[in-house]
Structure formats: structure tokens, C-alpha cells
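Numbering (this note's numbering), first residue to last: 28 to 258. Every residue gets a Cβ at the ideal spot worked out from N, C-alpha and C, and that includes glycine.
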Amino acid sequence: TLLEESDPSLPPLHRVILQKAPYCKVKSALLIRETNLKTISFIGIAKAINSLGSFYSTLKEDDPETLSNLSTINQRRVPTSIEGNYKKALQLWKSIYTPFDEKLIQKLSSFHPDLPIHILHSHYGALLSDPINSNGPIGRIGTSLIAVSTLRSAGKLGPQLTSHVFGLKKSLDEIKRGEVDGIQELGTGVEWLVSDLGVQWVIESVDKLSKIVEVSQLELQELENLPKSKL
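The structure is reproduced here in C-alpha cells:
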């Protein structure tokens, strides 16, 4: 999900993640798939489709049993009502952006009157909020981590990255009030992760991973450009 035009680099990354969790492959696969889906809101539909397709192909080749188990898990986000979807959207929006939530909606409306409507209903309500009765929720903090990671790796999206860094760090107050879902999914050390040092570590880790992928792509291109043997 951190990668743009790096399909050859995705399968090894997916395999490493799954190999590190041999006893909970379905849970790990769900997390990867859900994370990829949520990146639609940050890097676009086309790149998310490529990443999801790559993950599907990796599972189909390496672990068809896990893929079969995934196919039985229904996580559809069809809203039962417009009002309910908007309520979920506004709850997540306020959680991330308060006290600037209303001002930000006004700013987006000035760009296009329908922009905040699509962002709230289609993204924050139907996509970024976790499905009801989810088997592996990413939660509010996980969603902010996805936003920070994908925006950082994409580059040149400073204002959006800054907003979501603010939202990630702001979640510390919600943790202390017991208002954040999905904490268990992130394991121990969540409070450190959303601290200044934790957020710095996240950004530096994304930069390192992006650099590794970039170098790997260059090496792959060099190998492909080598003259073919005539033997």
C-alpha cells in the first residue's frame, strides 16, 4: 500500500507479512486486504485496485486455502440508510479533525460545493469507517496510520499529510478517554505510536521502505535491460 508503480515489489512484501504470522494467516490477510481497500481514499482507485489484485494473485499462488477462507467473509459496506452512513462519517471526521472539522468542510465547499458531500458519504462513512461486526477492524488509529503512510509514500501531498499526522497524534487524548476502537488489533505500545516519537518513527519507516522498493525496482530494470545470451 506504500507503493505506486511497484507491482513486482508487492508479492515479496505480502509473503513476508504472512510468513511472520503463520498461525493467524486469515487475520493477517484480512488486515492487508482491508488496508489496501482504505488506500482508495488517499492514493486513488487505480492504484488500490492494482495492489489488491497483486495480493489476490499472491494468495492464489502461495496459499489458496487462506484465499478460500477470505472468500467466505462478507465485509460489504452497503449503507442501510443515508442518515446512518452520514452519522458514521461525521463521527470519524470529527475524531480526526476537531477543532478544525467545520472550518475544513467550509474550505472544501469553497473548492466545489459537492466535494465534502462525496468525501464524507463515500469515503469517511462508507469506506474509512470499519464495517459493522468486522472480523478484523483497523479502527480509528489504524486508519490514520494508513493515511499517513500512503500520503507520505506518494509524496507532494504535504497539506493532507499534515492533517492526518495531526489526527494520528490527536488520538492519544481519545485513547486516554477510552473512546477509540480497534486498540487490541494494534497490540501493545499504541500510546507511544501516536506520540511525537512514534509518528516520527512511522514516517521514517515509510521512507526507508519506499527507498528499498525504489532500489529494488532499479535493480530489476537493470536486469531486464541486460543483453540476452545468444547461447
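> If you draw a straight line from the C-alpha of I123 to the C-alpha of G205, how long is it?
Replying inline: Each residue's Cα considered, the two are about 15 Å apart.
> In terms of residue numbering, what span does the alpha helix (DSSP H) encompassing I146 cover?
Replying inline: Note, I146: premise wrong, no alpha helix (DSSP H); not H, not E.
> Where does the unbroken alpha helix (DSSP H) through F193 begin, and where does it stop?
Replying inline: DSSP places F193 inside the alpha helix (DSSP H), whose first and last residues are 185-203.
> Under the rule that 16 or more other beta-carbon atoms within 10 Å means buried, what is P140, buried or exposed?
Replying inline: Around the Cβ of P140, a 10 Å sphere holds fewer than 16 other Cβ atoms; the residue is exposed.
>> Give me the residue from E88, L79, L86, A56 with the minimum Cα distance to N63.
In response: Selected option, being the one with the closest Cα: L79.
>> Is the separation between the beta-carbon of V233 and that of L195 shorter than 8 Å?
In response: No, the Cβ-Cβ distance between V233 and L195 is not below 8 Å.
> Does the count of Cβ pairs from the region 225-242 and the region 167-183 closer than 8 Å reach three?
Replying inline: Put simply, the region 225-242 touches the region 167-183. At least three CB pairs are less than 8 Å apart.
>> Is it buried or exposed, S55, if we count other Cβ atoms within 10 angstroms and call 16 or more buried?
In response: With 16 or more other Cβ atoms within 10 Å, it is buried.
> Ordered along the chain, which non-local residues of its own chain (more than five positions away) have a Cβ less than 7 Å from that of H41?
Replying inline: Only residues of its own chain outside the window of five on either side were considered, and among them I59, F82, T85 have a CB closer than 7 Å to the CB of H41, listed in chain order.
>> Suppose the cutoff is 6 Å on Cβ atoms and the five residues either side in sequence are ignored; what does the same chain contact list for N189 look like?
In response: Residue identity check: residue 189 is Thr in the sequence provided, not Asn. Correct list: empty, nothing qualifies.
>> Going by C-alpha to C-alpha distance, which of Y151, A73, V53, L178 sits closest to K115?
In response: When the alpha-carbon of K115 is set against those of Y151, A73, V53, L178, the nearest one is in Y151.
> Under the three-state reduction of DSSP, which class applies to V240: helix, strand or coil?
Replying inline: Here V240 sits in helix by DSSP.
> Between which two residues does the alpha helix (DSSP H) carrying Y151 extend?
Replying inline: Element bounds for Y151: n/a, residue is neither H nor E.
>> Applying the 10 Å Cβ sphere with the 16-neighbour rule, what's the burial state of L45?
In response: With a threshold of 16 other beta carbon atoms within 10 Å, L45 meets it and is buried.
> Going along the chain, which unbroken runs of the alpha helix (DSSP H) with 4 or more residues stay wholly within the region 105-147?
Replying inline: With a minimum length of 4 residues, the continuous alpha helix (DSSP H) runs that stay inside the region 105-147 are 109-124, 128-138, 142-145.
> Taking the alpha helix (DSSP H) that T85 falls in, what are its first and last residues?
Replying inline: That run of the alpha helix (DSSP H) goes 72-89.
>> Assuming the contact rule is C-beta atoms closer than 8 Å, H191 and L199 should be a hit. Round their C-beta distance to whole Å, please.
In response: At roughly 14 Å, the Cβ-Cβ gap does not stay under 8 Å, so H191 and L199 are not in contact.
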